[in-house]
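Colleague:
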Amino acid sequence: MFVAQGVDYIIVHIVQEALDKARAGRTCITIAHRLTTIKDADKIAVFKNGVVHEIGTHDTLMAKKGLYFKLQKAQHK
Numbered sequence: 251m252f253v254a255q256g257v258d259y260i261i262v263h264i265v266q267e268a269l270d271k272a273r274a275g276r277t278c279i280t281i282a283h284r285l286t287t288i289k290d291a292d293k294i295a296v297f298k299n300g301v302v303h304e305i306g307t308h309d310t311l312m313a314k315k316g317l318y319f320k321l322q323k324a325q326h327k
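Mind the numbering: the sequence shown is residues 251 to 327 in this note's numbering, read in order.
1. Name the DSSP beta bridge partners of A295, please?
2. Starting from the C-beta of T287, find all residues in its chain whose C-beta is less than 7 Å away, skip the five residues before and the five after it, and write them out in chain order.
3. DSSP three-state label for H283, please.
4. Residue range of the alpha helix (DSSP H) that K323 falls in?
5. So V296 and L269 are in contact, right, with Cβ under 8 Å, and what is the actual spacing, rounded?
6. Looking at the secondary structure, which residues open and close the alpha helix (DSSP H) in which D258 lies?
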């Protein structure tokens, strides 16, 4: 398990590239606190209180302006 919290940006970028290559052509379930980690995922499921709240791509979820949108905006403040 790799924990990226507090890790240098360059290291995070290197690890992200390695993960992208490793999951190519595979089903991968990623739990992320840093939403940039999942931005390019084929499908994103947003959970709230243990229940699926939204499902979609980054673009469709941003367009809905729901919970995912609010979480994205909060992380980029």
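Heads up, the beta-carbon is just placed ideally off N, CA and C, and yes, glycines get one too.
Modeller: In short, the structure shows the following:
1. I305
2. Q266, T280
3. coil
4. 317 to 325
5. So it is not a contact: roughly 20 Å between Cβ atoms.
6. Per DSSP, D258 belongs to no alpha helix (DSSP H) and is neither H nor E.
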